[in-house]
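For our numbering, count along the sequence shown from 1 and bump the result up by 12.
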Amino acid sequence: VRYAFELASTRARKKLTLVHKHNVLVRAGSMYQNTVNKIAKEFPDVSHDYLHIDAATIFMVTDPARFDVIVTDNLFGDIITDLAAAISGGIGLAASGNLNPNGKFPSMFEPVHGSAPDIAGQNKANPTAAIQSAAMLLRHIGEFEAANRLEAAIATELTNGQTGKSTDEIAAAIFANL
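In structure tokens form, the structure reads like this:
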């Protein structure tokens, strides 16, 4: 939770949303709410609110711009990230990060879709999520300029369109935009 506040404090909107279901999962939800309320005192410049998971999924579809940084547990986070992937173009475009903010243990970055072994070697997997995962890694280790360049190259390729392109063609187009 503290890392989520730290992240929100570095972003322009400075907004954090806790997503849980404290009316049903009373103990876990209350623990998260109490933790958010306690840590929020250390970050007076960050606004924060709360949404039940079901309401959050509705707003992710109808008003995704209301969110900036979301903090939640693993179960609800898995639901939210899959929904976010679906509404932003599919899991072929979605990157994922399991972060260890203090660096005591390694962080891991990967495409949401995993390794897709069913299409391995066929040159038809979309590499965008893997490349976006690399951008997340760069940002995590403080290589902001490199991350920004890679994200801009991805955005340019997405604007140009990827329909019908092979793995190699998409990757080459992204890297050509660097």
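Every residue gets a Cβ at the ideal spot worked out from N, C-alpha and C, and that includes glycine.
- With respect to the C-alpha of P118, the residue from G109, T179 and H125 having the closest C-alpha is G109.
- Leaving aside the five residues that flank A16 on each side, the residues in its chain whose CB is nearer than 7 Å to its CB run, in chain order, L28, V81 and V83.
- By the Cβ rule, the stretch 69-78 does not count as touching the stretch 39-50, because fewer than three pairs are nearer than 8 Å.
- Within its own chain, the residues whose Cβ lies closer than 7 Å to the Cβ of N135, once the five positions on either side in sequence are excluded, are S178, T179 and D180, listed in chain order.
- In the DSSP assignment, S108 is bridged to E122.
- When DSSP states are grouped into helix, strand and coil, V58 belongs to the coil group.
- Assigned with DSSP and collapsed to three states, L30 falls in strand.
- With respect to the C-alpha of D85, the residue from T22, K116, E155 and L30 having the closest C-alpha is L30.
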